[in-house]
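Report on the structure given below.
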Amino acid sequence: MSIYDQDLDKNPANYVALSPVSFVERSAEVFGDLPAVVHGRRRYSWRDTRERAARLAAALRALGVARGATVSAMLSNTPEMIEAHYAVPALNAVLHPLNTRLDAPLLAWQMQHCEAAVLITDREFAPVIGTALRILRDEHGRAPIVIDVCDSEYTGGGEPLGACEYEALLARHEPLPRLEGPRDEWDAIAVSYTSGTTGNPKGVVTHHRGAYLNAVCNAATWSMPQFPRYLWTLPMFHCNGWCFPWTVAMLAGTQVCLRKVETRAIFEAMRAHGVDHYCGAPIVHNLLINAESELRDGLTQRVRGMVAGAAPPAAMIEGMARIGFELTHAYGLTETYGPAAVAAKREQWAAANLSEQTRLNGRQGVRYVLQEGMTVLEPQTMAEVPPDAQTLGEIMFRGNIVMKGYLKNPAATAEAFAGGWFHTGDLAVLEPDRYLKIRDRSKDVIISGGENISSLEVEDALYRHPAVMACAVVARPDPKWGETPLAYVELKSGVTVSAAELIGHCRTLLAAYKVPREVRFEEIPKTSTGKIQKFVLRERARSASAIE
Ligand code: ADP
9 MSIYDQDLDK
19 NPANYVALSP
29 VSFVERSAEV
39 FGDLPAVVHG
49 RRRYSWRDTR
59 ERAARLAAAL
69 RALGVARGAT
79 VSAMLSNTPE
89 MIEAHYAVPA
99 LNAVLHPLNT
109 RLDAPLLAWQ
119 MQHCEAAVLI
129 TDREFAPVIG
139 TALRILRDEH
149 GRAPIVIDVC
159 DSEYTGGGEP
169 LGACEYEALL
179 ARHEPLPRLE
189 GPRDEWDAIA
199 VSYTSGTTGN
209 PKGVVTHHRG
219 AYLNAVCNAA
229 TWSMPQFPRY
239 LWTLPMFHCN
249 GWCFPWTVAM
259 LAGTQVCLRK
269 VETRAIFEAM
279 RAHGVDHYCG
289 APIVHNLLIN
299 AESELRDGLT
309 QRVRGMVAGA
319 APPAAMIEGM
329 ARIGFELTHA
339 YGLTETYGPA
349 AVAAKREQWA
359 AANLSEQTRL
369 NGRQGVRYVL
379 QEGMTVLEPQ
389 TMAEVPPDAQ
399 TLGEIMFRGN
409 IVMKGYLKNP
419 AATAEAFAGG
429 WFHTGDLAVL
439 EPDRYLKIRD
449 RSKDVIISGG
459 ENISSLEVED
469 ALYRHPAVMA
479 CAVVARPDPK
489 WGETPLAYVE
499 LKSGVTVSAA
509 ELIGHCRTLL
519 AAYKVPREVR
529 FEEIPKTSTG
539 KIQKFVLRER
549 ARSASAIE
């Protein structure tokens, strides 16, 4: 035992478990008068938000919620969703944000799987939640206690489903004196089911320590100032809004709520509240880029967007520059608390021309500052690939911002952590400057005549055509080549283009074997976060070619 191990123990004065809950207390204490949440005509200061969260915590506790209990939330980006992010962890309970676009059987399946004790649900979702609750009662003989949210900013229908209404419940309970994190920072904070782009929902369990660290990382990575004005264009149910409910709490910023992602509403909110930060999948940024330019009139502040969730096409990165929005490109997964890597910009990039800047910024980049490791490994040998921009391997993470594991799924957990690294399933190369570049998800690669084709590269070429609004390239079974690329395309409104023209356009940019053999103009299925469901398209391509 060294001298430093003697009489120098942890005690409450020198050791407190890390939890993002502590950010809320500090902002209420120091900046209590500043605006915390704006939602239509509703306004809450940091003092109000803390008090509302502390009342919610007291109410949940009275309903029996304690350490390890699950509280599900079926909410849009409203003040209640923010409050749930502060109240539930303060009880050492686990927040289970439900994807508001899921169907009733899946919602019921998730609530059954994570044994939800309480469900906080917005009136808008009453029909689908009503069915999910019936399934739970009929098939499993139990359903969570329901708290209905009747948001005054929501004017549509929807019957209350439970015994208590949110505001009435808050009014009935005195706020907890303090919002505090758990004794053990390894305790679960949230369970989020993967959105299903790969078709297999797994309950990703995260912990207080990781949520705290990634909340700090977001601010550091994005050089966010104190008091940012953050617009909720990213669903908070997706990886806890990439930890931003906690990041903005840390910086005592303002969160501007938004029930729906609509171009006009986004620009209006940006103007009205001086918004300077927002996040989203590429599709969100694409909406803004393609909006009529008048909608941007009067925006005088610098607006910074963070893109992650899917590879941003080069045309999108350039489009952001064109409308004068600053773009940060991040990469991550639900298993890494959302963004976990960033195309960190270097001073010398500014001297490069736009297309080179776009290439550099289009890379998935380097690990977040508080993440211990991220690299590209050959998954069998676990050897790092050389930084030659060519050798393909799998992206792996290691460190304190990686999930605890998958709920009730030890086999999937063990597989994901094999060899002491978290396996992402994303295929990438390491470039000489050690920035990594995703080539594709392993499931999305098209193998044609023995050659690998990155679906992302083909999509990038398609996006360079001015008529293309959205596209997805998948493998189509082919008797001769094994697979060939098939493109699904959605066009911008009011324009037409033929399949032959798009194929010709790709020919000018790609090697012949990568050019889509066929283009179909169809609506592309997307998840609620705007990510394209390639597995649905692959099925479609497969069944279509089976019929032919
Ligand atoms: P799901 O697997 O249900 O889509 P996630 O939301 O966790 O769940 O998605 C993570 C995946 O999204 C990553 O594994 C990767 O394939 C993709 N992704 C996220 N960010 C980027 C990015 N910047 N570039 C390319 N792909 C990305």
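Okay, so the sequence shown: first residue is 9 according to our numbering, each after it adds one.
C-beta: ideal position from N, C-alpha, C; glycine also.
For clarity, every value in this text was computed on a predicted model and none was experimentally measured.
Should residue i be labelled buried (16 or more other beta-carbon atoms within 10 Å of its own) or exposed?
i, result
"Glu556", "Residue placement at Glu556 is flagged as unreliable, the pLDDT there being 49, under the threshold of 50; the coordinate-derived value follows with that caveat. Counting Cβ neighbours within 10 Å, Glu556 comes out exposed, since fewer than 16 surround it."
"Arg75", "exposed"
"Asp448", "buried"
"Ile540", "buried"
"Lys522", "buried"
"Ile197", "buried"
"Leu184", "buried"
"Thr344", "buried"
"Trp194", "exposed"
"Asn369", "buried"
"Thr432", "buried"
"Met258", "buried"
"Asp41", "exposed"
"Gln14", "exposed"
"Ile11", "exposed"
"Arg354", "exposed"
"Glu270", "exposed"
"Ser506", "exposed"
"Asp305", "exposed"
"Ser84", "buried"
Would you mind giving the Cβ-Cβ distance between residue i and residue j, rounded to the nearest angstrom? I have them listed as a contact below 8 Å.
i, j, result
"Val212", "Tyr23", "Incorrect: roughly 28 Å between the Cβ atoms, too far for contact."
"Val224", "Leu341", "About 19 Å; that fails the 8 Å criterion."
"Asp452", "Lys542", "6 Å"
"Ala397", "Glu439", "5 Å"
"Leu296", "Ile331", "7 Å"
"Ala116", "Ala140", "4 Å"
"His216", "Ala44", "About 21 Å; that fails the 8 Å criterion."
"Pro236", "His285", "5 Å"
"Asp50", "Ser160", "What sits at residue 50 in the sequence shown is Arg, not Asp. Rounded, the Cβ-Cβ distance is 7 Å, consistent with contact."
For ligand 1, any of its heavy atoms closer than 8 Å to the Cβ of residue i?
i, result
"Gly538", "no"
"Val315", "yes"
"Ile291", "no"
"Gly340", "yes"
"Thr432", "yes"
"Ile454", "no"
"Gln629", "It is not possible to answer for residue 629, since the shown part of the chain is limited to 9 through 556."
"Ile297", "no"
"Pro387", "no"
"Ala219", "no"
"Cys247", "yes"
"Arg449", "yes"
"Glu343", "yes"
"Ile446", "yes"
"Pro320", "yes"
"His121", "no"
"Thr202", "yes"
Run through the DSSP bridge pairs and tell me what residue i is partnered with.
i, result
"Pro43", "Ser53"
"His215", "Ala196"
"Ser160", "According to DSSP, Ser160 bridges with nothing at all."
"Gly327", "None, per the DSSP bridge assignment."
"Val136", "Val136 pairs with nothing; no bridge assigned."
"Ile155", "Ile128, Cys172"
"Ser80", "His104, Leu127"
"Ile403", "Val384"
"Thr336", "Met314"
"Cys251", "Bridge partners of Cys251: none, in fact."
"Arg375", "Ala349"
"Tyr286", "Leu239, Gly313"
"Asn361", "Its beta-bridge partners do not exist; DSSP assigns none."
"Cys479", "Val497"
"Pro22", "According to the sequence provided, residue 22 is Asn. The question's Pro does not apply to it. Answer by DSSP bridge pairing: none, since Asn22 is not bridged."
"Gly490", "Asp486"
"Leu435", "Glu402, Asp448"
"Gly413", "Val213"
"Asn85", "Leu266"
"Asn460", "Ile455"
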